[in-house]
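Comments concern the structure below.
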Amino acid sequence: MLLPLPKRRSNPEDNVLPLINVVFLLLIFFMLAGALVQEPPFSVTPPETRHTASGEPDSQYLAIAADGRLAYNGDIIEESELAAHLAERSETGAPLQVRADNELEADRLTRLLTALREADVAEIRLLTTSQP
Amino acid sequence: MHIEVAPRRRHALGLTPLIDVVFNLLLFFMLASSLVDWRILDLATGSSPADADAPPAAEVRVTDDGMLRYEGETLDVPSMSERLSKELEEEAISAVILRAEAGVRLGPVVGAFDALANSGIDALALGESGREGD
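These protein sequences, in sequence, are chains E and G.
Positions 1 to 132 (our numbering) are the ones given, in order, by the first sequence.
Positions 133 to 266 (our numbering) are the ones given, in order, by the second sequence.
In structure tokens form, the structure reads like this:
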């Protein structure tokens, strides 16, 4: 039996098409699945919870490092400047997302909650990750 | 005069510039976006003023190893949530306030808060630890 030999591809660009397909799919995946939120300027390891619902991170958030440093929307700020920054929020009074480090002293957060209440923030959303 | 006609290109659109752009976009989105599965824990910043006739709130302290201390008794989270649920049902207490002991990190406090909230204790708040021993 004689099988015909596969035809040689004449156009070298034809070989690139599968690559483009894969790259394009990867691009769409990362565009849709990833969230483009500015990361805080210090490393924050969020605490883990088991029962909370998942949510999307906001572009406006307060980050607290393990040593108590604060950052608002990615810029390091002092605690005294916090009220002024919060007053510039687009929806004042809406829940504020907070990314606090796992190793932060819990008391530091509760003292900050008091400061936030005085800045008209009734509720915070603490961002956590799910416990495996 | 004879002018040579340029040979027609077979492809009207070159693929190479397209691939370059798509590849750059891919790299950008891979590096800039984060794929973390975030969870949200809602915390109230202030408690509503307590009703004078209402039973008092239970003040539960979280110790460093994640145990809960209430009225001199130290229990783990499931046993404590059982006890607090019972007292809430009997209306011996009206709410539960979690206070961290001095130096306790956020991790165990958030874990205890999450577990208590999940076991049906709705009137739950984080409190400043303030004075020790109350």
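C-beta: ideal position from N, C-alpha, C; glycine also.
Just so you know, these numbers come straight off a predicted model, no measurement behind them.
For the stretch 159-173 of chain G, the set of positions with a beta-carbon nearer than 8 Å to some beta-carbon of chain E reads Phe161, Met162, Ala164, Ser165, Ser166, Leu167, Val168, Asp169, Trp170, Arg171, Ile172, Leu173 in chain order.
At a Cβ-Cβ threshold of 8 Å, E:Leu27 and G:Val154 count as neighbours.
Within the stretch 57-81 of chain E, those residues whose Cβ lies closer than 7 Å to any Cβ of chain G are, in chain order, Pro57. Less than 8 Å divides the Cβ of G:Leu230 from the Cβ of G:Gly259. Cβ neighbours of G:Asp208 within its own chain (closer than 7 Å, five residues either side excluded): Met199. For E:Arg111, the enclosing alpha helix (DSSP H) has its first and last residue at 106-118. Boundaries of the alpha helix (DSSP H) harbouring G:Ser213: 209-221, taken from the DSSP string. Between the alpha carbons of G:Leu173 and E:Phe42 lies a distance of about 22 Å. Taking E:Thr129 as reference, the option from G:Ala176, G:Leu157, G:Asp169, G:Ala224 with the minimal CA-CA separation is G:Asp169.
Under the three-pair Cβ rule at 8 Å, the stretch 59-74 of chain E does not count as touching the stretch 209-217 of chain G.
A contact is defined here as three or more CB-CB pairs under 8 Å, and the stretch 56-71 of chain E meets this definition with respect to the stretch 96-115 of chain E. Shown here for G:Ala224: same chain residues with a beta carbon closer than 8 Å to its own, the five before and five after excluded, namely Pro187 in chain order. In the three-state scheme derived from DSSP, where H, G and I count as helix and E and B as strand, E:Asp75 is classed as strand. Sixteen is the threshold: when 16 or more other Cβ atoms of the shown chains lie within 10 Å of the Cβ of G:Thr177, as they do, the residue is buried.
Closest in C-alpha terms to E:Ile124, from the list E:His51, E:Pro4, E:Pro57, E:Ser80, comes E:Pro57. Going by DSSP, G:Leu158 is part of the alpha helix (DSSP H) stretching over 147-164. The residues Ala115, Glu118, Ala119, in chain order, have a CB closer than 8 Å to that of E:Ala83 in the same chain once the five nearest residues on each side in sequence are set aside.
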